[in-house]
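Undergrad: Take a look at this one; I'll ask things after.
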Amino acid sequence: MKYIVIFFVLNFFIIPTSFTQSLVEELREEEGITDIEAPPLTNERVIKTSKNKKIFILSNENSGYGQGDFITLLIDKKLVSRALVAKVKGNMSGIKILKIYDLDLWKELRAKREVQVLRGDDSYFINLEKRKSQLKKDGDIEDNLVIKDDDDLFDSTNLDDDIAEDDDKLRLIKPDNLVGAGYGQIDGVDETGSSQSYSQINFLWGYQISNNLFLEGLYGQNIINDFPSPGLDTEMRNFTFRVKYTFNAVMGILVMPYAGYQAVTIDSPGAGQQDSSNSQTEDDLNRELDLVEQLEKNTVIFGATLLKRLVPGWFLRADLGTDILSVGISVEF
17 MKYIVIFFVL NFFIIPTSFT QSLVEELREE EGITDIEAPP LTNERVIKTS KNKKIFILSN
77 ENSGYGQGDF ITLLIDKKLV SRALVAKVKG NMSGIKILKI YDLDLWKELR AKREVQVLRG
137 DDSYFINLEK RKSQLKKDGD IEDNLVIKDD DDLFDSTNLD DDIAEDDDKL RLIKPDNLVG
197 AGYGQIDGVD ETGSSQSYSQ INFLWGYQIS NNLFLEGLYG QNIINDFPSP GLDTEMRNFT
257 FRVKYTFNAV MGILVMPYAG YQAVTIDSPG AGQQDSSNSQ TEDDLNRELD LVEQLEKNTV
317 IFGATLLKRL VPGWFLRADL GTDILSVGIS VEF
């Protein structure tokens with residue numbers, strides 16, 4: 017069977033500053049600041065982060081922010097990063113990180129980490145920085161707390177241009193996982209020893225270990241009736257492991273050339289055994305065993321998978337390789 021199955025496809029610059037509650041208290045003591053109210057913070061938790069930590073899934077249990085809001089993440093009232101809320105669904109949200117303020121605190125952000133969320137304007141902290149600078153000129157704050165100007169403040173924490181480029185833009189398939197099922201043809205031999213293709217149902221799972229690079233495992237199984245002799249059934253199991261890389265082709269088709277290894281195992285309990293209902297010779301029994309052995313495979317394979325997106329998350333797929341010719345469906349998640 018040879019099918020070519022084919023239907024396949026803020027930049028905002030924000031400059032806030034970061035100070036602890038102890039500094040706020042000190043400033044108020046030093047200058048008698050009693051009329052400044054700290055902006056409200058909500059307590060949330062990090063649910064999941066992308067590999068490059070540019071996209072976060074964050075809880076929104078307190079409904080403290082909405083889609084399109086600019087928010088700031090804090091730990092113990094210390095600014096960590098600035099973000100844009102890209103999507104809100106129920107009590108969860110997806111946020112895109114725009115800037116990092118404290119690299120040490122940034123490293124603490126991981127799944128289940130409790131954080132504080134500041135919604136909207138953070139001029140409160142900018143004003144505190146201005147007051148802090150003034151106090152420094154007056155000699156009221158130690159030298160090691162000095163931030164001389166805005167450039168000093170952000171030189172060490174700016175995301176450089178390469179990192180700021182969202183890795184997701186490089187991925188042709190965004191999620192890490194791609195699973196699927198198919199129906200195809202696998203090469204073998206018939207009862208005469210001649211080449212024969214057999215229909216086989218297969219299932220596969222691919223994991224994206226790096227942008228567009230997948231490791232994939234495939235399992236297929238079928239029953240061959242009346243093989244290696246009439247009245248006998250033989251089970252064929254196909255284990256295939258592939259390394260694939262994804263390219264964009266014409267008409268939205270994704271092409272995934274692959275190389276890998278295939279092991280085909282055979283289970284034929286009656287082969288080579290004398291049946292009381294038949295008068296088989298020793299040569300007949302040996303021939304049965306030879307035919308079963310010819311079905312077994314342990315070999316390096318090459319080929320390509322073609323994907324055509326049907327609806328979001330679903331692909332029509334075709335596997336065209338030395339291991340199998342197959343068509344089916346794949347789902348990303």
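Just add 16 to wherever you are in the sequence shown, counting from 1, and you've got this note's numbering. Note that the Cβ used here is the ideal one computed from N, Cα and C, for glycine as well.
Can you tell me which of V266, K128, A99 and L121 puts its alpha carbon nearest to the alpha carbon of K64?
TA: When each option's Cα is compared against that of K64, the closest is K128.
Undergrad: Buried or exposed, going by whether 16 or more other CB atoms sit within 10 Å of the CB of N218?
TA: Buried: at least 16 other Cβ atoms inside 10 Å.
Undergrad: In angstroms with no decimal places, state the Cα-to-Cα distance between K324 and F257.
TA: Going by the C-alpha atoms only, they are around 22 Å apart.
Undergrad: Would you mind working out which of V271, S79, A102 and L119 sits nearest V133, comparing C-alpha positions?
TA: Answer by Cα proximity: S79.
Undergrad: What are the residues that DSSP puts in a beta bridge with A99?
TA: DSSP lists I87 and I113 as partners of A99.
Undergrad: Which whole-angstrom value describes the C-beta separation of V131 and V62, a residue pair presumed to lie in contact below a C-beta threshold of 8 Å?
TA: Their Cβ separation, rounded to whole angstroms, is 6 Å, which keeps V131 and V62 in contact under 8 Å.
Undergrad: Which residues in the same chain as D339 place their Cβ atom closer than 7 Å to its Cβ, once the five residues preceding and following it in sequence are excluded?
TA: So the qualifying residues of the chain are T256, Q278, I317 and G319.
Undergrad: Rank V259, F72 and R126 by C-alpha distance to the C-alpha of S226 and give the top, closest one.
TA: Of the candidates V259, F72 and R126, the one whose C-alpha sits nearest the C-alpha of S226 is V259.
Undergrad: Would you say Y199 and V343 are within 8 Å of each other, going by their C-beta atoms?
TA: Against a cut-off of 8 Å, the Cβ pair of V343 and Y199 comes out as a contact.
Undergrad: Taking the alpha-carbon of L114 as reference, which of G286, I87 and R253 has the nearest alpha-carbon?
TA: Checking every option, the nearest Cα to that of L114 belongs to I87.
Undergrad: Excluding five sequence neighbours on each side, which residues of the same chain lie with their C-beta closer than 6 Å to the C-beta of D283?
TA: Around D283: E251.
Undergrad: With a threshold of 16 other CB atoms inside 10 Å of the CB of K190, please say whether the residue is buried or exposed.
TA: By the 10 Å Cβ count, K190 comes out exposed.
Undergrad: Can you pull the DSSP bridge partners for R258?
TA: Partner(s): E232 and G276.
Undergrad: When DSSP builds the beta bridges, which residues end up paired with F219?
TA: Paired residue(s): A197 and Y235.
Undergrad: Might you give, ordered along the chain, the residues of its own chain that have their beta carbon closer than 7 Å to the beta carbon of I73, omitting 5 neighbours on each side?
TA: Cβ neighbours of I73 beyond the five flanking positions: I63, K64, M108 and G110.
Undergrad: Could you give the residue range of the alpha helix (DSSP H) that holds E304?
TA: Run containing E304: E298 to L311, per the alpha helix (DSSP H) assignment.
Undergrad: Just to confirm, are V280 and E312 a CB contact at a threshold of 8 Å?
TA: Result yes, Cβ atoms of V280 and E312 sit closer than 8 Å.
Undergrad: Would G196 pass as a contact of R98 if the rule is Cβ separation under 8 Å?
TA: No. Outside cutoff.
Undergrad: Is E181 helix, strand or coil by DSSP?
TA: Low per-residue confidence applies at E181: pLDDT is 47, beneath 50, and the placement is therefore not dependable, though the value from the model is reported in the following sentence. E181: coil per DSSP, three-state reduction.
Undergrad: Opposite R61 in the DSSP bridges: which residues?
TA: R61 pairs with E130.
Undergrad: According to the neighbour-count rule (16 or more other Cβ atoms, all chains shown, within 10 Å of its Cβ), is L307 buried or exposed?
TA: Its Cβ being crowded by 16 or more others within 10 Å, L307 is buried.
Undergrad: Would you list the one or two residues that DSSP bridges to R333?
TA: Per DSSP, L323 and G344.
Undergrad: Could you spell out the range, first to last residue, of the beta strand (DSSP E) harbouring L74?
TA: It spans I71 to S75 - the beta strand (DSSP E) in which L74 sits, taken as one unbroken run.
Undergrad: DSSP state of G268, grouped into three classes?
TA: DSSP places G268 in helix when its eight states are reduced to three.
Undergrad: Which of helix, strand or coil does DSSP assign to Y140?
TA: Looking at Y140 - three-state DSSP - the assignment turns out to be helix.
Undergrad: Apart from the five residues just before and just after T315, which ones in its own chain have a Cβ nearer than 7 Å to its Cβ?
TA: Within the same chain, T315 has close Cβ partners Q278.
Undergrad: In angstroms with no decimal places, state the Cα-to-Cα distance between L57 and Y117.
TA: Distance between the alpha carbons of L57 and Y117 is about 17 Å.
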